[in-house]
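Number of protein chains: 2
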Amino acid sequence: MTAASISVFGVKISGEFAKGDQVADRIHAACGDAGVTLRDDDVVVVTHKIVSKAEGRVAKMPSGDWEARDALIAREGATFLRRNGSIAITKTKHGFVCASAGIDASNVEPGTVTLLPRDPDRSARSIRSRLNHLAEADVAVVICDTFGRAWRNGQTNVAIGVAGMLPTVNYRDTTDSFGTVLKVTNIAIADELAGAAEMVMGKADGVPVAVIRGAPIRRGRGSAKELIRPATEDLFL
Amino acid sequence: MTAASISVFGVKISGEFAKGDQVADRIHAACGDAGVTLRDDDVVVVTHKIVSKAEGRVAKMPSGDWEARDALIAREGATFLRRNGSIAITKTKHGFVCASAGIDASNVEPGTVTLLPRDPDRSARSIRSRLNHLAEADVAVVICDTFGRAWRNGQTNVAIGVAGMLPTVNYRDTTDSFGTVLKVTNIAIADELAGAAEMVMGKADGVPVAVIRGAPIRRGRGSAKELIRPATEDLFL
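Chains A and B supply the protein sequences, listed in that same order. Position one of the first sequence corresponds to residue 96 (our numbering), numbered consecutively onward. Position one of the second sequence corresponds to residue 96 (our numbering), numbered consecutively onward.
So this is what it looks like as structure tokens:
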């Protein structure tokens, strides 16, 4: 017998997203087309890109115009942490450390960029509420973006908004197979879910949503803000 | 139709691992017990813990004796990057940035700790070679550990050894749905696979292996060393 198994389904949504679009309604319809019937405890991972577009979080920026980009970063209320050539590592108003305040020129009309949602947790809660109503289920929602990391090459998808689940799973109170109390393990499961979703999303395929079934999430009123380490506790800022 | 789907199967292995154990043979037997028949392009994610034990990478260390731990970190050839109370962030001989050079007191006999494999890529290649022979398949292998990160709370599983696949998937050469050439996206898929595997492994359940089917890996002779950002390029060391 397998110990546990998790399924990750990619959900295509055809057509672009524009300001005012109902993200949850389109996700629900696309799940129907994909033959994925949402169930209790499913995690619906949504790329922030479609959320930003639906919320009108789009700005003009000529491709490769770093001055315009820096002005936009400042307008977004982000602070600059490090620069290296055209790369600007920033801390966003939300507290996320990422390149260019999350401003992104991919999968958007040339000459424009998407910005991060103003309050991705609120966006996640709103999508979840409507999706639960439409699907008659109790799902969790994670909104993700693709971030670089310190020390390691390559980017991974991480959670920037969370609803209906706790962003971490705490192994602190459990004992291991030798009875040793596990002291420090606090798994950022929302980030692992975002990373798993990335693998079915790809980057250019019109798959902005993944449904993950069987993950050991803990339900509750969680927030992606809990994933932000306070600057005073961070040894690498 | 779903766009793509990925399955993650947890594989229990009963009984402890000791020096000299054949990891691949036990994984193969456990897959059989679990009803998981390995197929070409499956990724077999293995927690480093059982690899370390099988390779005799275990040392004595009294629980909570930070002096003894620091001595062990130094003996392992790791360097200290930051300290905060009893926490020591280090760079291992391999180049990984993690707490305590990967020394770990969980799931091991009290009074002892596991060390990281000396060469996790080589361990991965060795496990893969034997597993492919036993299973008559062409799988990839990822050896993982649980690491903290800068800036974000919580830990995730990441790849410390890779065999039979490239650790990153490069979206640099592709175009998005607007025809914009994607410039910077280079996904650390080996880390996303390790993170997905963590969700079925848990921490205390005797599930040291996950089989991931359907992930968009690129086959080839890859190494987890490619995931290590050179210190000269790192803005946060």
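Using N, Cα and C, we set each Cβ at its ideal position, and we do this for glycine too. Bear in mind that the values here come from a model prediction, so they are computed numbers and not experimental data.
DSSP three-state assignment for ARG356/A, whether helix, strand or coil: Chain A is shown only over 96 to 332; residue 356/A falls outside these bounds and no answer can be derived.
CB-CB length for VAL306/A against VAL131/A, believed under 8 Å: Here residue 306/A corresponds to residue number 211 of the first sequence, with the count starting at 1. Here residue 131/A corresponds to residue number 36 of the first sequence, with the count starting at 1. Yes, VAL306/A and VAL131/A are in contact; Cβ-Cβ is about 5 Å, under 8 Å.
Three-pair Cβ contact test at 8 Å for the stretch 253-263 of chain B versus the stretch 201-220 of chain B: yes
Closer than 7 Å at the beta carbon, the chain B residues around VAL103/A: The count along the first sequence starts at 1 and reaches residue 103/A at position 8. Within chain B, the residues near VAL103/A are SER100 and ILE101.
From LEU176/A, VAL208/A, GLU111/A and LYS188/A, residue whose alpha carbon lies closest to that of PHE331/B: Position 236 of the second sequence, counting from 1, holds the residue named residue 331/B. Here the closest residue by C-alpha is LEU176/A.
Supposed contact pair LEU229/B and ALA119/B - C-beta distance, whole angstroms, cut 8 Å: On the second sequence, position 24 is the one that residue 119/B refers to. On the second sequence, position 134 is the one that residue 229/B refers to. Indeed they touch by this definition, with Cβ atoms about 7 Å apart.
Contact set for THR209/A: own chain, Cβ-Cβ below 7 Å, skip 5 residues either direction: In the first sequence, residue 209/A corresponds to position 114, counting from 1. Correct list, in chain order: LYS144, SER147, LYS148, ARG152, VAL153, ASP199 and VAL203.
Interface flag, GLY297/B vs chain A, CB-CB below 9 Å: Taking the first residue of the second sequence as position 1, residue 297/B is located at position 202. Yes, because at least one Cβ of chain A sits closer than 9 Å to the Cβ of GLY297/B.
Beta-carbon separation (whole angstroms), GLY197/A vs THR187/A, contact threshold 8 Å: Working through the first sequence from its first residue, we reach residue 197/A at position 102. Working through the first sequence from its first residue, we reach residue 187/A at position 92. Correct: roughly 6 Å between the Cβ atoms.
Beta-carbon proximity of LEU237/B to ARG220/B, cut-off 9 Å: For this step, residue 237/B is matched to residue 142 along the second sequence. For this step, residue 220/B is matched to residue 125 along the second sequence. One detail in the question is off: residue 237/B reads as Val in this sequence, not Leu. Not in contact: VAL237/B and ARG220/B (Cβ atoms no closer than 9 Å).
Spatial distance of LYS114/B from SER201/A (CA atoms): Residue numbering aside, residue 114/B sits at position 19 when the second sequence is read from its first letter. Residue numbering aside, residue 201/A sits at position 106 when the first sequence is read from its first letter. In a straight line, the C-alpha of LYS114/B is about 50 Å away from that of SER201/A.
Any C-beta of chain A under 9 Å from that of LEU176/B: The residue labelled residue 176/B in the question sits at position 81 within the second sequence. Output row for LEU176/B: interface = yes.
Where LEU167/B sits in the DSSP three-state scheme: Residue mapping note: residue 167/B aligns to position 72 of the second sequence, counting from 1. Helix.
Inter-stretch contact at 8 Å, needing at least 3 Cβ pairs: the stretch 305-320 of chain A / the stretch 307-315 of chain B: no
Against chain E: residues of the stretch 279-292 of chain B by CB proximity under 7 Å: Here chain E cannot be found, since the structure's protein chains are A and B.
Beta-carbon proximity list for ALA183/B, same chain, < 7 Å, skipping 5 on both sides: As a first step, residue 183/B must be located in the second sequence, where it is residue number 88. Once the five neighbours on either side are set aside, the close Cβ partners of ALA183/B are ASP165, ILE168, PHE175, ALA194 and SER195.
Backbone secondary structure at ALA194/B - three-state DSSP: Here the question's residue 194/B lines up with position 99 in the second sequence. Strand.
Endpoints, alpha helix (DSSP H) assigned at ASP120/B: If you number the second sequence from 1, residue 120/B lands on position 25. Here the alpha helix (DSSP H) through ASP120/B covers 118-129.
Residues that SER181/A contacts on chain B, provided the C-beta gap is smaller than 9 Å: Reading the first sequence from its first residue, position 86 is the one you call residue 181/A. By Cβ distance, chain B contributes nothing, its closest Cβ being about 10 Å from SER181/A, past 9 Å.
Within chain B, partners of GLU150/A - CB distance below 8 Å: Your numbering for residue 150/A matches position 55 in the first sequence. Within chain B, no residue comes near GLU150/A; the closest Cβ sits about 19 Å away, beyond 8 Å.
Short CB-CB distance (under 9 Å) between GLU231/A and chain B: Sequence index remark: in the first sequence, residue 231/A carries index 136 (1-based). It does not: the Cβ of GLU231/A has no partner Cβ on chain B nearer than 9 Å.
Cβ-based neighbour list, THR280/A, same chain, cut-off 6 Å, excluding 5 preceding and 5 following: Here residue 280/A refers to the residue found at position 185 when the first sequence is read from its first residue. Within the same chain, THR280/A has close Cβ partners TYR266.
MET294/B: contacting residues in chain A (beta-carbon distance under 7 Å): Within the second sequence, residue 294/B is the residue found at index 199, counting from 1. Simply ILE101, ILE284, GLU287, ALA310 and PRO311.
CYS126/B versus PHE104/B, GLY290/B and ARG170/B, residue with shortest Cα-Cα distance: In the second sequence, the residue the question calls residue 126/B occupies position 31. Comparing Cα-Cα distances from CYS126/B to each of PHE104/B, GLY290/B and ARG170/B, the minimum goes to PHE104/B.
Reference SER100/A, options GLU293/B, TRP246/B and ALA98/B, closest by Cα: Here the question's residue 100/A lines up with position 5 in the first sequence. Looking at the Cα atoms, GLU293/B is the closest of the given residues.
Residue-chain proximity (ILE238/A, chain B), Cβ-Cβ < 9 Å: By one-based count along the first sequence, residue 238/A stands at place 143. Output row for ILE238/A: interface = no.
Cβ neighbours of ALA163/B in the same chain (closer than 7 Å, five flanking residues each side left out): For the purposes of this step, residue 163/B is identified with residue 68 of the second sequence, where counting begins at 1. Contacts found: MET156 and PRO157.
Members of the stretch 106-132 of chain A near chain B, C-beta cut-off 7 Å: VAL106, LYS107, ALA129, GLY130 and VAL131
Whole runs of the beta strand (DSSP E) within the stretch 230-303 of chain A, excluding any shorter than 3 residues: 235-243 and 250-258
Where ALA245/A meets chain B, residues with beta-carbon distance less than 9 Å: Walking along the first sequence from the start, residue 245/A turns up at place 150. What ALA245/A touches in chain B: VAL192, ARG244, ALA245, TRP246, ARG324, ASP329, LEU330, PHE331 and LEU332.
Cut-off 6 Å between Cβ atoms - residues of its own chain near ASP116/B, not counting five sequence neighbours on either side: Translated into positions along the second sequence, residue 116/B becomes position 21. Same-chain partners within the cutoff: ALA149.
Same chain only: Cβ atoms within 6 Å of ILE285/A, ignoring 5 sequence neighbours per side: Numbered from 1 along the first sequence, position 190 holds the residue referred to as residue 285/A. According to the sequence displayed, residue 285/A carries Ala and not Ile. Counting only Cβ-Cβ distances below 6 Å, and skipping sequence neighbours, we find VAL237, ALA254, VAL257 and PRO262.
Reduced DSSP secondary structure (H/G/I, E/B, other) of ARG213/B: Numbered from its first residue, the second sequence carries residue 213/B at position 118. Correct three-state label for ARG213/B: coil.
Cross-chain neighbours of VAL302/A in chain B, by beta carbon under 8 Å: For the purposes of this step, residue 302/A is identified with residue 207 of the first sequence, where counting begins at 1. Going along chain B in sequence order, the residues near VAL302/A (Cβ under 8 Å) are ALA98 and ALA99.
Distance between THR142/A and CYS239/A (C-alpha atoms, nearest Å): If you number the first sequence from 1, residue 239/A lands on position 144. If you number the first sequence from 1, residue 142/A lands on position 47. Answer to the nearest angstrom: the Cα atoms are 5 Å apart.
Chain-ordered chain B contacts of GLY315/A [CB-CB under 8 Å]: In the first sequence, residue 315/A corresponds to position 220, counting from 1. Ordered by position in chain B, no residue passes the 8 Å Cβ test against GLY315/A, which lies about 15 Å from the chain.
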